[in-house]
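Inspection log for the structure reproduced underneath, given as structure tokens.
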Ligand SMILES: Nc1ncnc2c1ncn2[C@@H]1O[C@H](COP(=O)(O)OP(=O)(O)OP(=O)(O)O)[C@@H](O)[C@H]1O
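Numbering (the working numbering), first residue to last: -6 to 252.
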């Protein structure tokens, strides 16, 4: 059974189809990338998959179960976790505290125990700290644990966000532009981290503008243009596809015409 299966997803805003009839699949260990020119519908598709938007048509199946439009925290408890294009890091907290926050996202119902300072709450806090330290080691931030998150480089912040998403022990991880704003060295570190997470058996779906990163790490690439899937396949195959080249050139011409 496919881990994550998207079938015929579509949504319109004010009568304009932002995404139309898009299907794709991701299996454990795979890295599937969604690419396309600006406004192609990548973020909208991501928001439908991760329960932020309710699609007008189609469905999202997680391990064969229909989870279409399910709230993000419910999806998280079923194994779907995501990061955001704009970092969702608490800048004034330490790196460790940020990672610990990831563990608390899965503990709905534990609030009363925490308020009452019950032993179960102290045990949970110790377990969350140990888990958070292990995750920081996994993303190469163990030595930055006590630093304020706001003092980290952009690439480290991106890795911290991935660490926090991993605290939910996802079966599928959605990454929204994981290398946006990173320099070449930071991008390579992110690239390596994503490959390692996939190799551990997590299914990865990502939206990314950095074409070099996409071509290096993807097992499969899905290309959107004006809300529709215009091509998919192995990276080398897709980059040669005339429809893909035309879509990117078309968007460049439009940008020049605007400018
Ligand atoms: N909440 C919304 N309300 C109205 N229109 C929207 C909304 N979200 C997206 N759109 C429109 O849907 C289309 C797809 O936008 P989307 O942001 O998904 O594209 P994208 O491929 O992620 O673009 P980019 O690469 O620039 O981030 C665009 O025409 C956009 O203006």
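Ideal Cβ positions, reconstructed from N, Cα and C, are used throughout, including at glycine.
Query                                                                                                                                                                : Result
Going by beta-carbon coordinates alone, are residue 231 and residue 214 separated by less than 7 Å?                                                                  : yes
Would you call residue 58 buried or exposed, if buried means 16 or more other Cβ atoms sit within 10 Å of its Cβ?                                                    : exposed
Does the Cβ of residue 11 lie closer than 6 Å to at least one heavy atom of ligand 1?                                                                                : yes
Closer than 6 Å by C-beta to residue 212: which residues in its own chain qualify, once you throw out the five before and the five after it? Chain order, please.    : 23 and 24
What does the Cβ neighbour count give for residue 2, buried or exposed, with the cut at 16 atoms within 10 Å?                                                        : buried
So if I measure from each beta-carbon to every heavy atom of ligand 1 and keep distances below 6 Å, which residues remain?                                           : 6, 11, 29, 31, 32, 33, 34, 35, 36 and 37
Assign residue 152 to buried or exposed, taking buried as 16 or more other Cβ atoms, counted over all protein chains shown, within 10 Å of its Cβ.                   : buried
Contact between the stretch 36 to 52 and the stretch 134 to 147 is defined here as three or more beta-carbon pairs at a separation below 8 Å; is this criterion met? : no
Does DSSP put residue 161 in a helix, a strand or coil?                                                                                                              : coil
At the level of alpha carbons, what is the spacing between residue 43 and residue 115?                                                                               : 32 Å
DSSP state of residue 70, grouped into three classes?                                                                                                                : helix
Identify the continuous alpha helix (DSSP H) that holds residue 232 and give its terminal residues.                                                                  : 228 to 233
Looking at C-alpha atoms only, which residue of 193, 123, 85 and 170 is the closest neighbour of residue 144?                                                        : 85
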